[in-house]
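In this note's numbering, the protein residues as written are 225 to 645. What follows is one structure encoded as structure tokens, with my remarks underneath.
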Amino acid sequence: MLQATGAAGALGFAGCLSNVTDGGDGGSNTMELLHGWTGGDGKAAINALTDGFDEAYPDVETDYKPIGGGGNTNLNTVVANRLSQNNPPSTFAGWPGKNFQKYEGVLGDLTSVWEDEGFMDSHIQEAVDACQTDDGNFAAVPIGSHRLNCLFYSTDVVEAAGVDPNSMSSLSDLISAMDQVAANTEAVPMAQAMTAPWTTLQLFGVVLLGQEGYDSYMTFVNGEGGGDAVRSALETTGTILSNYIPSDAASSNLTQSNELIMNDEAAFIHQGNWAAGAYRTNDLTYNEDWGFVPFPGTEGMYTLHIDSFLYPTNNSGENPSPEATKKWMSYAGSLEGQQLFDPLKGCIPTRTDANPEDFGPYLAETIEDFQNAEERPPTLAHGLAVSPTAMSQMKEVITNEFTGPYNVDAAATGLLEAAQQ
């Protein structure tokens with residue numbers, strides 16, 4: 225993102241900010257929030273959260289700014305520009321973990337909020353760890369956890385095709401099922417968005433995890449090699465993309481591709497469980513209109529992704545509205561805040577005291593799966609498994625070598641080199 229905007233590049237924000245005059249509003253009481261949830265499940269979820277905050281804190285002036293664009297691309301650009309101009313918002317929605325690296329030097333300390341609210345005891349350990357910077361300070365508060373190793377399906381389409389999704393335990397089973405869909409229905413076997421490279425990178429990641437196993441996946445994301453597994457996973461991913469997705473996938477975004485499931489025009493889609501949030505907001509019923517299974521080969525795993533709100537500062541180390549922003553952070557990490565946001569967004573709470581029954585049958589199952597997971601691998605395309613530099617390079621590899629034609633050797637070389645960053 226930094227390379228794309230020219231905001232700071234490899235030097236980081238700290239050096240860039242030192243020569244810029246203060247464009248912030250100092251100790252303003254107006255809490256300015258930037259986020260990318262502009263439609264569907266995301267819009268409903270953030271509106272529920274902001275309405276709840278406004279009711280709980282009527283004394284706080286707020287300025288909520290939704291910024292549209294697939295995969296948070298536009299949001300990231302605006303945030304980068306604002307930070308490079310020494311004019312940070314009060315907070316912005318983003319990913320914690322290794323994603324913090326691209327904000328080095330401009331994140332403040334929320335440790336007092338975590339301590340005052342008891343968040344270290346009330347949130348899952350993965351969220352506690354992900355929201356800390358290398359120096360041990362807290363720089364964000366989690367709002368929910370998404371699971372990435374999901375395969376959603378249209379119940380009508382799979383029934384018409386004679387496919388039982390629960391019987392699929394391998395990638396070969398999935399491919400056989402998609403062949404049945406193609407032979408027995410008019411539906412597309414798998415919906416796939418390809419206007420941005422992250423969806424293909426995400427698909428490759430789950431194929432690697434499901435086909436080659438947890439150890440091979442972690443070897444790759446840790447930059448320790450694993451070339452044979454990567455090539456094999458790319459070959460399978462290329463087979464899927466070459467034979468089973470819509471002919472107009474290159475011009476389809478995530479919302480459009482997920483609508484194929486909702487309209488019974490596609491059998492399967494691999495996405496994070498935000499897809500289920502869209503089903504819920506469109507009044508579709510779990511196990512009647514749509515269903516879910518772990519992506520074949522990943523049973524017993526929960527591929528972990530976390531959404532959060534980050535706490536930026538200017539070059540004096542101050543947040544534009546520190547007191548108001550900390551009230552927002554306290555609310556976002558509260559049980560009430562997560563109960564409002566998570567069911568509509570299709571994610572599960574990072575809090576350990578949430579009642580699964582408050583989140584509907586699908587998310588209740590997801591909460592149980594998280595609690596019982598044998599492995600919780602971090603997500604590849606969403607800021608937890610690899611550094612921002614590595615992820616940016618991987619997306620370039622996908623764009624240049626793996627959007628059709630699918631050059632397995634070149635893509636494998638590029639991905640392996642990127643993982644070592």
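Backbone N, C-alpha and C fix where the C-beta goes; we use that ideal spot for every residue, glycine too. Since we're looking at a predicted model, the values are computed, not measured.
* Inter-stretch contact (C-beta, 8 Å, three-pair minimum) for the stretch 339-355 and the stretch 378-397 -> Judged by Cβ distances under 8 Å, the stretch 339-355 makes no contact with the stretch 378-397, as fewer than three pairs qualify.
* Asked: beta strand (DSSP E) containing residue 514: first to last residue?
  -> As a working mapping, residue 514 is identified with position 290 in the sequence shown. Counting along the chain, the beta strand (DSSP E) containing residue 514 begins and ends at 514-518.
* contact_flag[the stretch 557-568, the stretch 400-407] where n(CB pairs < 8 Å) is 3 or more -> no
* **Residues of its chain near residue 272, where Cβ-Cβ distance is below 8 Å and the 5 sequence neighbours each way are ignored** => The sequence position of residue 272 within the sequence shown is 48, counting from 1. Answer for residue 272: 564, 565 and 568, listed in chain order.
* **Burial state of residue 611 (16 or more Cβ within 10 Å)** => Here the question's residue 611 lines up with position 387 in the sequence shown. Buried, since its Cβ has 16 or more Cβ neighbours within 10 Å.
* **Nearest-angstrom Cα separation, counted from residue 595 out to residue 249** => Residue mapping note: residue 249 aligns to position 25 of the sequence shown, counting from 1. Residue mapping note: residue 595 aligns to position 371 of the sequence shown, counting from 1. Note that residue 249 scores 41 on pLDDT, short of 50, meaning its location in the model is unreliable and no value can be drawn from it.
* Could you name each continuous beta strand (DSSP E) segment of 3 residues or more that falls completely within the stretch 580-619, going from the start of the chain to the end? => none
* Asked: If you check the beta carbons only, do residue 257 and residue 316 fall under 8 Å apart?
  -> For the purposes of this step, residue 257 is identified with residue 33 of the sequence shown, where counting begins at 1. For the purposes of this step, residue 316 is identified with residue 92 of the sequence shown, where counting begins at 1. In this structure, residue 257 sits near residue 316, with a CB-CB distance shorter than 8 Å.
* Asked: For residue 526, does the three-state DSSP call read helix, strand or coil?
  -> In the sequence shown, counting from the first residue as 1, residue 526 sits at position 302. Three-state result, residue 526: coil.
* **Between the CA atoms of residue 259 and residue 180 - distance to the nearest angstrom** => Nothing can be reported for residue 180, as the shown portion of the chain is limited to 225 through 645.
* Asked: By how many angstroms is the C-alpha of residue 537 removed from the C-alpha of residue 650?
  -> Residue 650 cannot be examined here, being either before or after the span of the chain that is shown, 225 to 645.
* Do you know whose CA, among 500, 521 and 519, lies nearest residue 511's CA? -> Position 287 of the sequence shown, counted from the first residue, corresponds to residue 511. Looking at the Cα atoms, 500 is the closest of the given residues.
* Are the beta-carbon atoms belonging to residue 338 and residue 532 less than 8 Å from one another? -> Here residue 338 refers to the residue found at position 114 when the sequence shown is read from its first residue. Here residue 532 refers to the residue found at position 308 when the sequence shown is read from its first residue. For the pair residue 338 and residue 532, the CB atoms are not nearer than the 8 Å cut-off.
* **Inter-residue spacing [alpha-carbon to alpha-carbon] between residue 633 and residue 400** => Residue 633 sits at position 409 when you count from the first residue of the sequence shown. Residue 400 sits at position 176 when you count from the first residue of the sequence shown. Straight-line Cα distance between these residues: approximately 25 Å.
* Is there contact between the stretch 293-311 and the stretch 352-372, where contact requires at least three CB pairs shorter than 8 Å? -> no
* Asked: Would residue 517 pass as a contact of residue 392 if the rule is Cβ separation under 8 Å?
  -> As a position in the sequence shown, residue 517 is number 293, starting the count at 1. As a position in the sequence shown, residue 392 is number 168, starting the count at 1. A contact, by the Cβ cut-off of 8 Å.
* Would you report the Cα separation of residue 515 and residue 477, rounded to the nearest angstrom? -> The sequence position of residue 515 within the sequence shown is 291, counting from 1. The sequence position of residue 477 within the sequence shown is 253, counting from 1. Looking at the two C-alpha atoms, the distance is approximately 21 Å.
* Meets three-Cβ-pair contact criterion under 8 Å: the stretch 431-443 and the stretch 454-462 -> yes
* **Cβ distance (whole Å) where residue 282 is taken to contact residue 530 below 8 Å** => Walking along the sequence shown from the start, residue 282 turns up at place 58. Walking along the sequence shown from the start, residue 530 turns up at place 306. Wrong, their Cβ atoms sit about 29 Å apart, outside the cutoff.
* Three-state secondary structure (DSSP) of residue 392 -> One-based indexing of the sequence shown puts residue 392 at position 168. Residue 392: coil per DSSP, three-state reduction.
* In three-state DSSP terms, what is residue 309? -> Locating residue 309 in the sequence shown gives position 85, counting from the first residue. If DSSP states are grouped into helix, strand and coil, residue 309 belongs with coil.
* Asked: Should residue 623 go down as buried or exposed, given a rule of 16 or more other Cβ atoms within 10 Å for buried?
  -> Walking along the sequence shown from the start, residue 623 turns up at place 399. The residue is exposed, with fewer than 16 neighbouring Cβ atoms inside 10 Å.
* Looking only at DSSP bridge pairs, what is residue 378 linked to? -> Here the question's residue 378 lines up with position 154 in the sequence shown. Residue 378 is bridged to 514.
* Asked: In angstroms, rounded to a whole number, what distance separates the CA positions of residue 479 and residue 582?
  -> Position 255 of the sequence shown holds residue 479. Position 358 of the sequence shown holds residue 582. Between residue 479 and residue 582, the C-alpha separation is close to 26 Å.
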